[in-house]
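Under the UniProt record's numbering, the letters of the sequence shown match residues 1 to 257, in that order.
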Amino acid sequence: MIEILSPARVATARTSGALVADILQTLRTRTVPGTNLLEIDGWAKEMILGAGAQSCYVDYAPSFGRGPFGHYICTAVNDAVLHGRPRDQVLAPGDLLTLDLAVAQDGVAADAAISFLVGGTGDPESVALIAATERALAAGIAAAGPDARIGDLSHAIGTVLGEAGYPINTEFGGHGIGSTMHQDPHVPNTGRPGRGYRLRPGLLLALEPWVMADTATLAIDADGWTLRSATGCRTAHTEHTIAITEDGAEILTLPTH
Numbered sequence: 001m002i003e004i005l006s007p008a009r010v011a012t013a014r015t016s017g018a019l020v021a022d023i024l025q026t027l028r029t030r031t032v033p034g035t036n037l038l039e040i041d042g043w044a045k046e047m048i049l050g051a052g053a054q055s056c057y058v059d060y061a062p063s064f065g066r067g068p069f070g071h072y073i074c075t076a077v078n079d080a081v082l083h084g085r086p087r088d089q090v091l092a093p094g095d096l097l098t099l100d101l102a103v104a105q106d107g108v109a110a111d112a113a114i115s116f117l118v119g120g121t122g123d124p125e126s127v128a129l130i131a132a133t134e135r136a137l138a139a140g141i142a143a144a145g146p147d148a149r150i151g152d153l154s155h156a157i158g159t160v161l162g163e164a165g166y167p168i169n170t171e172f173g174g175h176g177i178g179s180t181m182h183q184d185p186h187v188p189n190t191g192r193p194g195r196g197y198r199l200r201p202g203l204l205l206a207l208e209p210w211v212m213a214d215t216a217t218l219a220i221d222a223d224g225w226t227l228r229s230a231t232g233c234r235t236a237h238t239e240h241t242i243a244i245t246e247d248g249a250e251i252l253t254l255p256t257h
C-alpha cells in the first residue's frame, strides 16, 4: 500500500517525528560507557508511554523476524546494524551504537535512526562509516520532491555510499510510512535514476542508508532479529522520515532541542 496523507495528517506526522527525534537525542545524551542496552530500552519505553504515544516495535511481527519484537527500540552495537534486539549488554568506550526508533502518535508513525560512538571518541573507520551514512541520507533527501522517482533517491544515496568504498546491500532499505510503520514503496540504497514510483505531495518516506565496512552480506543472530555483518566488521545506519511537499521534501524527524 502506498499512502498519501492529507495536510492535517502530515501535521500529525510532524508531532510524531519530533517525538522520535527528541527521544533519540535524549537517549544519546544518557548513553555512556557502562550503560546497559536494556536500560536504553527502558528509557525509550518510559518516554514513549509518557508522551501518550505507541511503540511500533513491541508487537511488530513481520515474516522476516522471530516475533513479536517485544522491545521499544532497536539497539545495534558494532557489527550489528539492523533490528538489534536489546539484551543484557554493557556498552564500552568506543562502541559504535545505532539506535533505531519508530513511534506513532494519533495514528501516524515516524521512524529515525542515529549511529554514534559511545563516550564520544573511537577509531577513524567508525567515524568514516557514520559520516558516509549521514552524507548519503542528505543526498537522498536533496533528490526528493514532487515528480522525482524512487530511483532518483536510491541513486543519490548509492552514489555517496559507493564513492566512499562501501558495499551496498539492497535486501533492506527505506520505505513508505504513515498509518503503519512499513509501507510501499521500498527505497533501495542504490538504484537507477528515473525509475520507479513517482513521488507526490503527502507521501511520507523513511530513508535509511546503512553500510557494513567490508561486506554486503548479513548474518542473523539466534534471537531471530538482530542482523550483523557476515564478516564481523563494523556498521552504521542513519535515518530520517521525510514528507514530500509541493516544492521539495521536509524532514520530520529533527529534534526540537
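C-beta: ideal position from N, C-alpha, C; glycine also.
Keep in mind that this is a model prediction, so the values were computed, not measured.
With respect to the C-alpha of ALA113, the residue from HIS240, THR159 and GLY94 having the closest C-alpha is HIS240.
Look at the beta carbons and you see the segment 192-202 touching the segment 134-153: at least three pairs across the two are nearer than 8 Å. Burial of LEU153 is indicated by the presence of at least 16 other C-beta atoms within 10 angstroms of its C-beta. In the assembly as shown, MET1 is an exposed residue. Its beta-carbon has fewer than 16 other beta-carbons within 10 Å. Rounded to whole angstroms, ALA206 and ILE244 show a C-alpha spacing of 11 Å. Rounded to whole angstroms, the separation of the alpha carbons of ARG228 and TRP210 is 12 Å. With respect to the 8 Å criterion, GLY84 and ASP123 are not classified as neighbours on the basis of their beta carbons. Cβ neighbours of SER63 within its own chain (closer than 8 Å, five residues either side excluded): none. According to DSSP, residue pairing for ILE220 in a beta bridge involves LEU227. The C-alpha of SER16 is placed about 14 Å away from the C-alpha of ALA44.
The Cβ-Cβ distance between LEU129 and ARG28 does not fall below 8 Å. In the structure shown, ARG135 adopts helical secondary structure according to DSSP, grouped into three states.
Counting other Cβ atoms within 10 Å of its Cβ, VAL58 stays below 16 and is therefore classed as exposed. Non-local beta-carbon contacts of LEU203 in its own chain, meaning distances under 8 Å to residues more than five positions away in sequence, involve ILE2, GLU3, ILE4, LEU5, GLY176, ALA243 and ILE244 in chain order.
Taking 8 Å as the cut-off, the Cβ atoms of LEU38 and PRO68 do not count as close. Distance from the CA of GLY119 to the CA of ARG198, rounded to the nearest whole angstrom, comes to 42 Å.
Exposed is the label assigned to THR170, since fewer than 16 other Cβ atoms lie within 10 Å of its Cβ. Using a Cβ distance threshold of 8 Å, MET181 and ALA109 count as a contacting pair.
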